[in-house]
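Number of protein chains: 2
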Amino acid sequence: MSTKNQHQDRSPCPLASALDIVGDHWTLLIIRDLMFMGRHEYKEMLEAWEGISSNILSNRLEKLTSSQMIDSVPHPESKRRKLYYLTEKGKSLLPVIAELTIWGFAQKKSNKVPPHLKELLTGSRTKLTKKVLNSLTKWEKTYL
Amino acid sequence: MSTKNQHQDRSPCPLASALDIVGDHWTLLIIRDLMFMGRHEYKEMLEAWEGISSNILSNRLEKLTSSQMIDSVPHPESKRRKLYYLTEKGKSLLPVIAELTIWGFAQKKSNKVPPHLKELLTGSRTKLTKKVLNSLTKWEKTYL
């Protein structure tokens, strides 16, 4: 083990710090579900396009909670169900998700753009940010 | 296995397509090395802050080459050495790297900003993009 691995952080580079939190196949898809797709429940996330496995989903929700990117409240209809939501830290990933989505779309021109992404890919970033944050605030006013 | 996993792509979502290529702990750090740090050789990348292991580095360089994000030429001083460089596809990740770096920096305010990142974190994005692309073009004129 080299000395550079004995520090708490693996690197002084903020890109590496970011990848320590969101640098995997699944984390940003969960953030996407909460940010754009209105999927706030475990079972809704399980049913997303990518077919995330139950153990990976549980693991990522735990990690995201402990790194204060998301939080949860009991579902109003049943205490056994949880409603997950983005914290401010989680919401601040919007520009990252936007750029990655635009890049992913550019690589695969045949991609059928889901209607909710049209604004992200072609519209004003400021308008999109405002719209997304407003919709999250509206959800919060209802459930938190 | 559900039918949604039988397609070539795991999802119609361009964010998932992007994560299939760059969604891991290391890939974007290699792109960073080539884009900002002037590390074009295998051994230079091995020596970067994060201490990537030799087998992971080889694996990622192969994947990045096969997905046409990077390419390589023999080193002018020795045919046994390779010089890696970013293709246009690889260079187009600049906005993604910029947003992730800004986000990573915001999470860890005590991070000591490496001098080469000051412009990214505080300056004009257009100027930064021009500067980075100019420096990559200069390298290409020398080695390709």
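Heads up: the protein sequence lines correspond to chains A and B, in order.
Offset between the first sequence (1-based) and this note's numbering: plus 150.
Offset between the second sequence (1-based) and this note's numbering: plus 150.
For each residue, glycine too, the CB sits at the ideal point set by N, CA and C.
Asked, Found
"Beta-carbon proximity list for Leu207 of chain A, same chain, < 8 Å, skipping 5 on both sides", "Trp176, Ile180, Tyr192, Met195, Leu196"
"Ranges of the alpha helix (DSSP H) found wholly within the region 159-218 of chain A, counting only runs of at least 4", "164-172, 177-185, 192-196, 204-216"
"Integer Cβ distance of Met101 of chain A from Lys239 of chain A, believed to fall under 8 Å", "Nothing can be reported for residue 101 of chain A, as the shown portion of chain A is limited to 151 through 294."
"Residues sharing a beta bridge with Leu233 of chain B, DSSP", "B:Val223"
"Chain A contact for Thr251 of chain B (CB, 9 Å cutoff)", "yes"
"Beta-bridge partners of Ser274 of chain A, as assigned by DSSP", "Paired residues: none, contrary to the question."
"Pro265 of chain A, enclosing alpha helix (DSSP H) - first and last residue", "From DSSP, Pro265 of chain A is part of no alpha helix (DSSP H); its letter is neither H nor E."
"Any 3 or more C-beta pairs closer than 8 Å across the region 242-255 of chain B and the region 277-285 of chain A", "no"
"Contact list for Ile247 of chain A against chain B, beta-carbon separation under 7 Å", "Leu165"
"Bounding residues of the alpha helix (DSSP H) (the contiguous stretch that carries Leu250 of chain B)", "244-257"
"Residue-level contact to chain B via CB, Arg189 of chain A, 9 Å cutoff", "no"
"Where Ser161 of chain B meets chain A, residues with beta-carbon distance less than 9 Å", "Leu179, Ala198, Trp199, Glu200, Gly201"
"Cβ pair Trp199 of chain B, Ala166 of chain A closer than 9 Å", "yes"
"DSSP three-state assignment for Gly240 of chain B, whether helix, strand or coil", "helix"
"Identity of the residues DSSP links to Ser228 of chain B by a beta bridge", "B:His225"
"Of the residues B:Ser161, B:Met187, B:Met185, the one placed nearest Thr201 of chain A, counting alpha carbons only", "Note on residue identity: the sequence assigns Gly, not Thr, to residue 201 of chain A. The option with the nearest alpha carbon to Gly201 of chain A is B:Ser161."
"Buried versus exposed, by CB contacts within 10 Å (16 or more), Thr272 of chain A", "exposed"
"Per-residue contacts from Lys258 of chain A into chain B (C-beta, under 7 Å)", "Pro164, Ser167"
"Cα-Cα separation, Thr251 of chain A to Gly173 of chain B", "12 Å"
"Beta carbon proximity, Leu207 of chain B to chain E, threshold 9 Å", "No chain E is part of this structure, whose protein chains are labelled A and B."
"Test: Ser242 of chain B CB closer than 9 Å to a CB of chain A", "yes"
"Contacts of Asp174 of chain A in chain B (Cβ-Cβ under 9 Å)", "Leu169, Gly173, Asp174, His175"
"CB contact flag (Leu267 of chain B, Pro164 of chain A, <9 Å)", "yes"
"Best match in A:Asn205, A:His225, A:Ser204, A:Asn209 for proximity to His190 of chain A [C-alpha to C-alpha]", "A:His225"
"DSSP state of Leu294 of chain A mapped onto helix, strand, coil", "coil"
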